[in-house]
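Report on the following structure.
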Amino acid sequence: MKGKYRKSSKDRFRKLESQVNDIYHILNSLANRNDAATPEASIEASTARSGESLEGYSTEVPNMLPRVGGLGRSPCFAPSHLEPPVHVLDHLVEVYRTRIHLQPLPLFNLEGLRDRLANSHRFLLHSFLALSLNFGSHGFFRGREQEAVQFYTRSAQDGTMELAVEGISKVEVIESLCLLAVKDLIGQRPARAWMTIGTASRLDTLRRLTGHHTSAAQTEDRSARCHWSVFILEKAFSPHVLDLSSSQDTPDYPLSAPLPSTLPTYRDENCPPDLHVSEEVNKDLGINAYHIKIVSVWGDLTRYLHGIRSGNIETPWLPESTHTKLSVRLYECDAELPQRHLLRNVCFYKRSIAEIMQEQEYWSPWLAMQMLSHASPAILNHPFVHLVAMRGSRGMPQSRLFLQQTVDLALFHSGWVFQFIQFCENLQYEINDPLIGHAVAATATIPWLFQFARDPKVSKKAHDDLGRCERFLSRISSTWPHISRKLEILQHLQYVAKEKLQEVPRGSTMISFQPQMFWELLDAKVCQVPQGDPTSQCGTSRVSNVPDARMRVTTHFVHPLLDEQVEQPHPPNPAGNAMYSFPPSSDDLEQVCLDEIFAHFPRDDDLVPLTVIKGAGHEFIPLPKGENATTADFHSIRTQTESPAYFTSGFYKIEAGPQRPAHYTFEETKYVLSGQIDVLDEATGITHHLVPGDFAFFHVGSKVKFSTKSQGFAFYAVTRPVRAPHPNLQGREESKSKL
1464 MKGKYRKSSK DRFRKLESQV NDIYHILNSL ANRNDAATPE ASIEASTARS GESLEGYSTE
1524 VPNMLPRVGG LGRSPCFAPS HLEPPVHVLD HLVEVYRTRI HLQPLPLFNL EGLRDRLANS
1584 HRFLLHSFLA LSLNFGSHGF FRGREQEAVQ FYTRSAQDGT MELAVEGISK VEVIESLCLL
1644 AVKDLIGQRP ARAWMTIGTA SRLDTLRRLT GHHTSAAQTE DRSARCHWSV FILEKAFSPH
1704 VLDLSSSQDT PDYPLSAPLP STLPTYRDEN CPPDLHVSEE VNKDLGINAY HIKIVSVWGD
1764 LTRYLHGIRS GNIETPWLPE STHTKLSVRL YECDAELPQR HLLRNVCFYK RSIAEIMQEQ
1824 EYWSPWLAMQ MLSHASPAIL NHPFVHLVAM RGSRGMPQSR LFLQQTVDLA LFHSGWVFQF
1884 IQFCENLQYE INDPLIGHAV AATATIPWLF QFARDPKVSK KAHDDLGRCE RFLSRISSTW
1944 PHISRKLEIL QHLQYVAKEK LQEVPRGSTM ISFQPQMFWE LLDAKVCQVP QGDPTSQCGT
2004 SRVSNVPDAR MRVTTHFVHP LLDEQVEQPH PPNPAGNAMY SFPPSSDDLE QVCLDEIFAH
2064 FPRDDDLVPL TVIKGAGHEF IPLPKGENAT TADFHSIRTQ TESPAYFTSG FYKIEAGPQR
2124 PAHYTFEETK YVLSGQIDVL DEATGITHHL VPGDFAFFHV GSKVKFSTKS QGFAFYAVTR
2184 PVRAPHPNLQ GREESKSKL
């Protein structure tokens, strides 16, 4: 009987609680109607809670002042229970902290965020809820997340856009626009996201022009976070058109999280010290500042690639070129970064996942900064860009030294991008930043090329990097569906590589693929809407002003691939055995010679046959009529070293007679084989009597006089082209001989 009474009391209490909630929501609905009828009063009341004044604005603002939590506790999301209780908002703030904050936007200061949202305008709260529910949920919504997202999105858009079109440039409006833009990117509505970013940019410019600033540090930080969030959205997702960075009136960078606690010092051979050890001279602006700076460079790099794709081609090694200017900016970013933020000092890969999650507000921008710092130079020096898209620009020959440098930089920096992916895999650290997703997908086109190298080390590393890339893109695409498009393109490229590699003749280094698929990864357009078929979407951008290009061998490089070399077995295809329903069309394939890529880096197992000239020292060398000395060049090449030069060898013959003067504009090494050769060094006045077994080296600038009292014969090697061919050795080179 007692248990029955207790149960009855509990039922009556629940019924009473439900009735109180119903009364509360009726009163809340009436209050909202009154607010809509008197928008000015609503604005004043709501801004009094947020600490900012909207004096001077008379635009009607609906749906203000959410009563978060309020009386009682709503059982679940429903038309009569639209606002989440406080504990639900706490949970979604934690979701924002772990999965959205600083990936890549520094929009909010996490301290006191729940209270600010609870006391903010309803459109800001609803935009926050609409975005956060894409990354995590709560039992309050009970399977109605999609319905809740749609409701909060409509509510936020209605309230925000009504203010935006009236030019009300308050921080809350711009913050809401930033959240809605990211929400639209997740919802695969890139065109709407682009327009929302543009609206936020113009409102932020208007806000700074009208000078609505305060001296309060907290308000200044909120304003700075708002500005730099819009800046990052522009640079990351709409760099082709917008340019907020041109403004001179920019706020300070948003406040950064402190440097993580240091680990015990040790010497790590994988992280050697700088080339020079000096005291720190850079003022530390905070990790957020260096993150924003490299995002700015990335945005300008994306615009540069878009220009190349559109046919705006320049000579990249000239000092006034965009390539050079971007390189200088990367050098500046590297020079300005304090040593305390370097990988070897923060030891990211040595920390536990618990440490990283605890200090995630530092590690999220740090990781993005590091990965973009390597992805940017890798893409800037992409072999595809320089050996296909920019080949023979304006009829100018390409610099072999410059091409050597670009290939080296692309290979080095792309490797670091995937090394950071490996660090995160080892730590089981989840990356949710869509900007990193785009950067990784674009960088993956570099190992896609290098997987064809016959050097097993280079080929295997490229395959491993592609595997890491596919795993990473698969994970992040579950959060950002537009990334799945990039994954499909990469898998399609792997399909093409596998099929075409089986078709090419033995020993050939030609491969056919669709260059537009590279461009889809390097120059992804935010306004493109996925069509479901990777090849079909490429059709949206096939019409291009970029002329057809062919990569041809135009000169000799270091360690060329050998036709007779045995094919190396390839590691398993990282794309797996997935079935593809989009076979490539042969009409759209580009034929590319891979020699010009792989020839730019050394290989351990490329064996080059000797050049042999039998009996060279026994051939008679006639002296020219009236001369007592002569040179006889018998072999000359253009070197394939980092700084190419001529290398010529031959014999020197001299008989008694007048002195033979020589002023060197090249280097020479001389070895006396027989007789005696006298050499007067005019720099010292000393005459050297060289006999068999003696060696002499002549420098650029050396000035000498050769003579002999009998006769002399010497072998020489010089850094000049052929001047006087040996009359009896021409055509005697056995270029294919091997000893």
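Per the numbering used here, residue 1464 is the first one in the sequence shown, and the count goes up by one each step.
C-beta atoms are modelled at their ideal positions from N, C-alpha and C, and glycine is treated no differently.
Residue i classed as buried or exposed, judged by whether at least 16 other C-beta atoms fall within 10 angstroms
{"i": "residue 1688", "result": "buried"}
{"i": "residue 2146", "result": "exposed"}
{"i": "residue 2086", "result": "exposed"}
{"i": "residue 2186", "result": "exposed"}
{"i": "residue 1635", "result": "buried"}
{"i": "residue 1940", "result": "buried"}
{"i": "residue 1987", "result": "buried"}
{"i": "residue 1753", "result": "buried"}
{"i": "residue 2149", "result": "exposed"}
{"i": "residue 1541", "result": "exposed"}
{"i": "residue 2163", "result": "exposed"}
{"i": "residue 1933", "result": "buried"}
{"i": "residue 1898", "result": "buried"}
{"i": "residue 1900", "result": "buried"}
{"i": "residue 1788", "result": "exposed"}
{"i": "residue 1798", "result": "exposed"}
{"i": "residue 1659", "result": "buried"}
{"i": "residue 1883", "result": "buried"}
{"i": "residue 1907", "result": "buried"}
{"i": "residue 1717", "result": "buried"}
{"i": "residue 1922", "result": "buried"}
{"i": "residue 1844", "result": "buried"}
Same chain only: Cβ atoms within 6 Å of residue i, ignoring 5 sequence neighbours per side
{"i": "residue 2205", "result": "Here the chain covers residues 1464 to 2202 and nothing more, so residue 2205 does not appear."}
{"i": "residue 1494", "result": "Note that residue 1494 scores 45 on pLDDT, short of 50, meaning its location in the model is unreliable; the coordinates nonetheless yield the value given after this. Nothing meets the Cβ criterion."}
{"i": "residue 1876", "result": "1837, 1840, 1841"}
{"i": "residue 2110", "result": "2100, 2102"}
{"i": "residue 1595", "result": "1555, 1558, 1559"}
{"i": "residue 2125", "result": "2167"}
{"i": "residue 2095", "result": "2084, 2113, 2114, 2189"}
{"i": "residue 1615", "result": "1589, 1592, 1593"}
{"i": "residue 1823", "result": "none"}
{"i": "residue 1719", "result": "1749, 1750, 1751"}
{"i": "residue 1810", "result": "1726"}
{"i": "residue 1650", "result": "none"}
Identified DSSP bridge partners for residue i
{"i": "residue 1559", "result": "In DSSP, residue 1559 forms no bridge with anything."}
{"i": "residue 2153", "result": "2140"}
{"i": "residue 2101", "result": "2109"}
{"i": "residue 1819", "result": "Beta-bridge pairing links residue 1819 to no other residue."}
{"i": "residue 2132", "result": "2160, 2180"}
{"i": "residue 1544", "result": "1541"}
{"i": "residue 2175", "result": "2117, 2138"}
Rounded Cβ spacing between residue i and residue j (contact assumed at less than 8 Å)
{"i": "residue 1886", "j": "residue 1928", "result": "Not confirmed; about 13 Å, so no contact."}
{"i": "residue 1590", "j": "residue 1642", "result": "4 Å"}
{"i": "residue 1539", "j": "residue 1603", "result": "6 Å"}
{"i": "residue 1656", "j": "residue 1667", "result": "Actually they do not touch by this definition, with Cβ atoms about 16 Å apart."}
{"i": "residue 1750", "j": "residue 1832", "result": "7 Å"}
{"i": "residue 1695", "j": "residue 1645", "result": "At roughly 11 Å, the Cβ-Cβ gap does not stay under 8 Å, so residue 1695 and residue 1645 are not in contact."}
Neighbourhood of residue i by C-beta, 7 Å cutoff - its chain only, sequence neighbours within 5 removed
{"i": "residue 1952", "result": "1980, 1983, 1984, 1997"}
{"i": "residue 2184", "result": "2099, 2109, 2111"}
{"i": "residue 1819", "result": "1826, 1890, 1892"}
{"i": "residue 1910", "result": "1877, 1925, 1928, 1929"}
{"i": "residue 2144", "result": "2151, 2167"}
{"i": "residue 1619", "result": "1586, 1589, 1590, 1593, 1639, 1643"}
{"i": "residue 1606", "result": "none"}
{"i": "residue 2157", "result": "2135"}
{"i": "residue 2192", "result": "2076, 2079, 2082, 2097"}
{"i": "residue 2140", "result": "2117, 2153, 2169, 2171, 2175, 2177"}
{"i": "residue 2036", "result": "Its pLDDT being 39, under 50, residue 2036 is placed unreliably by the model, and the measurement read from it follows with that caveat. So the list reads 1957, 1961, once near-sequence residues are dropped."}
{"i": "residue 1860", "result": "none"}
Residues of its chain near residue i, where Cβ-Cβ distance is below 8 Å and the 5 sequence neighbours each way are ignored
{"i": "residue 1937", "result": "1950"}
{"i": "residue 1608", "result": "1596, 1600"}
{"i": "residue 1946", "result": "1897, 1900, 1901, 1904, 1936, 1939, 1940"}
{"i": "residue 1580", "result": "1531, 1552, 1556, 1587, 1588, 1591"}
Next on the checklist: Contact between the segment 1818-1830 and the segment 1762-1772 is defined here as three or more beta-carbon pairs at a separation below 8 Å; is this criterion met?
Outcome noted: As far as the Cβ criterion goes, the segment 1818-1830 does not touch the segment 1762-1772, which means the pair count is below three.
query: Are at least three pairs of beta-carbons, each pair with one atom in the segment 1618-1635 and one in the segment 1564-1573, less than 8 Å apart?
result: Verdict: no, contact absent.
**Request:** Could you tell me whether the segment 1805-1818 touches the segment 1860-1877, using the rule of 3 or more Cβ pairs below 8 Å?
**Result:** With the cut-off at 8 Å, the segment 1805-1818 and the segment 1860-1877 do not touch.
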